[in-house]
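With this note's numbering applied, the sequence shown corresponds to residues 29 to 358, in that order. Just so it is clear, CB atoms sit at the ideal spot from N, CA and C, and this is done for glycine as well. As structure tokens, the structure follows; a few thoughts come after it.
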Amino acid sequence: MDQSFETPIFHDYSRQGPPVDQCHRVDELWFADGTLVLAAEKSLFRVYGGLLAKRSAVFQDMLEFSQPEDAEAIDGCPVVHLADSDEDLKYFLRALFDYESFEPLRTKTTFDILAGIIRLSSKYQVDGLRQRALYRLSSVFPLTVAEYCDNTDESWTIPAAEWIRVVCFAREMTLDWILPIAMYRTSGYCTTAQLLHGIEVKETHVELSAEDKLKCIEQSQSICRSVSEIVDFLWNPVKIQGCLQETICTENRVRARRMVEGWRIKKKWFPVKVWHTQNWKTLAVCTVCSASMKVTHQRALEKFWNGLPRRFGLPDWDALKQMKENDLRL
29 MDQSFETPIF HDYSRQGPPV DQCHRVDELW FADGTLVLAA EKSLFRVYGG LLAKRSAVFQ
89 DMLEFSQPED AEAIDGCPVV HLADSDEDLK YFLRALFDYE SFEPLRTKTT FDILAGIIRL
149 SSKYQVDGLR QRALYRLSSV FPLTVAEYCD NTDESWTIPA AEWIRVVCFA REMTLDWILP
209 IAMYRTSGYC TTAQLLHGIE VKETHVELSA EDKLKCIEQS QSICRSVSEI VDFLWNPVKI
269 QGCLQETICT ENRVRARRMV EGWRIKKKWF PVKVWHTQNW KTLAVCTVCS ASMKVTHQRA
329 LEKFWNGLPR RFGLPDWDAL KQMKENDLRL
């Protein structure tokens with residue numbers, strides 16, 4: 029990883045928070061036989077310095093420095109003040125010291141947990157944990173339209189309006205391969221006011237960069253208009269060559285198109301999933317029409333999907349796939 033981070037330092041109260049006597053102990057990460065106390069914001073964690081050093085080259089280097097005789101200590105354990113979020117540190121340490129709390133597959137988790145683990149495992153160079161967290165994150169960001177349409181993974185979720193946070197996190201961590209879907213969803217879920225002015229989450233203001241604001245606002249309307257192109261197969265062409273029951277098929281296609289337009293009035297639909305597998309099962313048309321319409325629909329989907337990164341000024345899917353493989357070391 030080509031990321032440079034400031035080495036944690038001792039006794040820097042100007043940035044890291046209040047003195048330890050004003051902090052609280054995090055019980056689940058306060059081990060009675062621990063050898064090191066980490067302080068972040070208003071939280072204290074008593075952990076095993078040797079194990080931490082074994083997992084993290086950054087902590088190993090830091091803990092090799094001799095401590096002055098008057099170094100701050102709690103119950104004989106040296107105290108290290110970190111400039112990290114106490115919430116991020118909690119998720120990171122829990123994943124390190126309680127392996128079962130962060131399984132690599134589809135157990136439930138949250139975006140906050142994943143972001144905290146990825147952020148600090150990158151900073152402190154715990155590569156195996158970073159890779160595991162990125163793998164979990166990636167389940168919601170497939171790189172092909174077929175995988176996206178078939179994806180039912182709900183192992184982690186985030187409220188619709190908070191997709192702005194995902195975009196900001198991707199920018200922070202240089203995870204460009206999640207940006208097409210993150211910006212696609214942000215453009216669709218968030219109001220213009222949210223795109224312009226940001227959102228408040230846990231007493232923290234989160235706002236897109238000026239460039240990303242412009243891209244998402246531009247694409248908000250453009251993506252909405254793309255729904256018409258995706259469902260155009262329902263009435264174009266009016267007559268499908270070789271149709272076995274022209275009147276019935278035409279009536280049912282028009283009825284289906286009206287149904288889709290009704291959905292759009294009630295709810296803002298995303299182009300890729302405005303028409304899905306279940307809809308084909310209820311569309312009463314002949315086999316000839318069904319086969320022709322599926323081909324037309326698939327072409328429209330692929331055209332939209334292939335152009336999705338370009339809408340947001342990102343590299344094409346092949347380049348993004350290579351970035352993902354590099355991050356996950358596939």
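Indicate whether F169 and W191 have their beta-carbon atoms separated by less than 8 angstroms.
-> For the purposes of this step, residue 169 is taken as residue 141 along the sequence shown, with counting starting at 1. For the purposes of this step, residue 191 is taken as residue 163 along the sequence shown, with counting starting at 1. Their beta carbons are not under 8 angstroms apart, which means F169 does not touch W191 by this criterion.
Where does L236 land, buried or exposed, given buried means 16+ other C-beta within 10 angstroms?
-> For the purposes of this step, residue 236 is identified with residue 208 of the sequence shown, where counting begins at 1. It counts as buried.
Excluding the five sequence neighbours on either side, which residues of its own chain have a C-beta within less than 6 angstroms of the C-beta of A161, listed in chain order?
-> Numbered from 1 along the sequence shown, position 133 holds the residue referred to as residue 161. Same-chain partners within the cutoff: L142, I145, I146.
For P106: DSSP bridge partner residues | Locating residue 106 in the sequence shown gives position 78, counting from the first residue. In DSSP, P106 forms a bridge with A101.
Euclidean distance between Cα positions of C51 and G104 | Counted from its first residue, the sequence shown places residue 51 at position 23. Counted from its first residue, the sequence shown places residue 104 at position 76. Looking at the two C-alpha atoms, the distance is approximately 17 angstroms.
Which whole-angstrom value is the C-beta distance of L329 and Y212, which I expect to be below 8 angstroms?
-> Position 301 of the sequence shown, counted from the start, is the residue given in the question as residue 329. Position 184 of the sequence shown, counted from the start, is the residue given in the question as residue 212. Going by Cβ atoms, the distance from L329 to Y212 rounds to 13 angstroms, so no, they are not a contact pair.
Any contact of the region 191-202 with the region 306-326, i.e. 3+ C-beta pairs under 8 angstroms?
-> no
Just checking my contact of C177 with K322 at CB under 8 angstroms: how many whole Å lie between their CB atoms?
-> What you label residue 177 is simply residue 149 of the sequence shown in a count that begins at 1. What you label residue 322 is simply residue 294 of the sequence shown in a count that begins at 1. The pair is not a contact, with the Cβ atoms about 13 angstroms apart (cut-off 8 angstroms).
Residues that DSSP places opposite A68 in a beta bridge | Residue 68 sits at position 40 when you count from the first residue of the sequence shown. Looking at the DSSP assignment, A68 forms a beta bridge with S71, L110.
Which of helix, strand or coil DSSP assigns to R53 = The residue given as residue 53 occupies position 25 in the sequence shown. Three-state result, R53: strand.
Could you tell me the boundaries of the alpha helix (DSSP H) in which I209 lies?
-> Start at 1 with the first residue of the sequence shown, and residue 209 comes out as number 181. Note, I209: alpha helix (DSSP H), 207-217.
Straight-line Cα distance separating L121 from S166 = Mapped onto the sequence shown, residue 166 falls at position 138. Mapped onto the sequence shown, residue 121 falls at position 93. Going from the Cα of S166 to the Cα of L121 covers about 22 angstroms.
C-alpha gap between D346 and E69, whole angstroms = The residue given as residue 346 occupies position 318 in the sequence shown. The residue given as residue 69 occupies position 41 in the sequence shown. Cα-Cα distance, rounded: 41 angstroms.
Beta carbon of R74 nearer than 8 angstroms to that of W58 = By one-based count along the sequence shown, residue 74 stands at place 46. By one-based count along the sequence shown, residue 58 stands at place 30. Result yes, Cβ atoms of R74 and W58 sit closer than 8 angstroms.
Sorted by chain position, which residues of the same chain lie with C-beta nearer than 8 angstroms to R43's C-beta, five sequence neighbours on each side aside?
-> Walking along the sequence shown from the start, residue 43 turns up at place 15. Note that R43 scores a pLDDT of 41, beneath 50, so its modelled location is shaky and nothing firm can be said.
Distance cut-off 7 angstroms: E115 Cβ against heavy atoms of the ligand PLP | For the ligand PLP, the structure offers nothing, since it holds no ligand at all.
Whole-number beta carbon distance between V313 and N264, since they are thought to touch under 8 angstroms | Residue 264 sits at position 236 when you count from the first residue of the sequence shown. Residue 313 sits at position 285 when you count from the first residue of the sequence shown. Contact flag wrong, Cβ pair sits at about 14 angstroms.
Measure the beta-carbon distance from Q159 to R283 and round it to whole angstroms, keeping in mind my assumption that it falls under 8 angstroms.
-> Here residue 159 corresponds to residue number 131 of the sequence shown, with the count starting at 1. Here residue 283 corresponds to residue number 255 of the sequence shown, with the count starting at 1. Contact flag wrong, Cβ pair sits at about 50 angstroms.
Alpha carbon to alpha carbon, what distance is there between T310 and C317?
-> Residue 317 sits at position 289 when you count from the first residue of the sequence shown. Residue 310 sits at position 282 when you count from the first residue of the sequence shown. Approximately 14 angstroms, taken between the alpha carbons.
Buried versus exposed, by CB contacts within 10 Å (16 or more), S94 | Within the sequence shown, numbered from 1, the residue matching residue 94 stands at position 66. The residue in question, S94, is exposed, as its Cβ has fewer than 16 Cβ neighbours within 10 Å.
Between C218 and the rest of its own chain, which residues show a CB-CB distance below 7 angstroms, the 5 nearest in sequence each way excluded?
-> Reading the sequence shown from its first residue, position 190 is the one you call residue 218. Here the set comprises A189, W191, I192.
Endpoints, the beta strand (DSSP E) within which V229 is located | The residue you call residue 229 lines up with position 201 of the sequence shown. V229 -> beta strand (DSSP E) spans 227-229.
Straight-line gap, M90 to E200 (C-alpha atoms, nearest Å) = Looking up residue 90 in the sequence shown gives position 62. Looking up residue 200 in the sequence shown gives position 172. Taking the straight line joining both Cα atoms gives about 24 angstroms.
DSSP three-state call for V266: helix, strand or coil?
-> On the sequence shown, residue 266 is found 238 positions in, with the first residue counted as 1. Coil.
By DSSP, does T172 sit in helix, in strand, or in coil?
-> Against the sequence shown, residue 172 aligns to sequence position 144. Note: T172 maps to coil in three-state DSSP.
When the distance is taken between beta carbons, is W184 closer than 8 angstroms to T214?
-> Counted from its first residue, the sequence shown places residue 214 at position 186. Counted from its first residue, the sequence shown places residue 184 at position 156. Not in contact: T214 and W184 (Cβ atoms no closer than 8 angstroms).
Any idea what DSSP makes of V21, helix, strand or coil?
-> A question about residue 21 goes unanswered here, because the residues of the chain that appear run from 29 up to 358.
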